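Numbering (my numbering), first residue to last: 297 to 425.
1. Taking 8 Å as the cut-off, decide whether the C-beta atoms of residue 301 and residue 347 are in contact.
2. From the DSSP secondary-structure annotation, give me the bridge partner or partners of residue 396.
3. Under the three-state reduction of DSSP, which class applies to residue 337: helix, strand or coil?
4. Which partner residues does residue 316 have in the DSSP bridge list?
5. Alpha carbon to alpha carbon, how far is residue 356 from residue 312? Give it in angstroms, no decimals.
6. Please report the residue range of the beta strand (DSSP E) in which residue 377 lies.
7. Can residue 298 and residue 310 be called in contact, C-beta distance under 8 Å?
8. Could you name the residues of the same chain whose beta carbon sits closer than 8 Å to that of residue 314, not counting the 5 residues immediately before and after it, in chain order?
9. Determine the direct distance from the alpha carbon of residue 320 to that of residue 381, and round the result to whole angstroms.
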């Protein structure tokens, strides 16, 4: 299952478990984020398209911290006058871990719930197995 969301004026294709760098959001590290501008949801053999957004649909995510993107240089130069200007910019971003995609009217799964039927719980053990 995947969804196309819009945040910060950009669109992102996300799946549960993805890490996505979006325009900086005012949320603390470890804080929960609910994105309600969901444009498209696909999965389970069906698709839902918003016009422009799907009413009631949302994507739940957790903030994994903030960072700064790669440096982008802007260089201006005027010929014959020895005039030049170099500007650099690093865009701030927030890294989100996508937890769940909810369609219209769906309720989130309980946080401490068991694994879905037929799927074993995964985890890290001390012996590395």
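For each residue, glycine too, the CB sits at the ideal point set by N, CA and C. Model, not experiment: these values are computed from the prediction.
So, from the data block:
1. Here residue 301 refers to the residue found at position 5 of the chain shown. Here residue 347 refers to the residue found at position 51 of the chain shown. Going by C-beta atoms, residue 301 is not nearer than 8 Å to residue 347.
2. Here residue 396 refers to the residue found at position 100 of the chain shown. Paired residue(s): 356.
3. Reading the chain shown from its first residue, position 41 is the one you call residue 337. It is a strand residue.
4. Sequence index remark: in the chain shown, residue 316 carries index 20 (1-based). The partner list for residue 316 (beta bridge, DSSP) reads 392.
5. What you label residue 312 is simply residue 16 of the chain shown in a count that begins at 1. What you label residue 356 is simply residue 60 of the chain shown in a count that begins at 1. Rounded to whole angstroms, residue 312 to residue 356 spans 9 Å at the Cα level.
6. By one-based count along the chain shown, residue 377 stands at place 81. Premise fails: residue 377 is in no beta strand (DSSP E) and is neither H nor E.
7. Here residue 298 is taken as the residue at index 2 of the chain shown, counted from 1. Here residue 310 is taken as the residue at index 14 of the chain shown, counted from 1. Yes. Within cutoff.
8. For the purposes of this step, residue 314 is taken as residue 18 along the chain shown, with counting starting at 1. Cβ within range, chain order: 393 and 394.
9. To locate residue 381, count along the chain shown from 1; it is residue 85. To locate residue 320, count along the chain shown from 1; it is residue 24. Looking at the two C-alpha atoms, the distance is approximately 28 Å.
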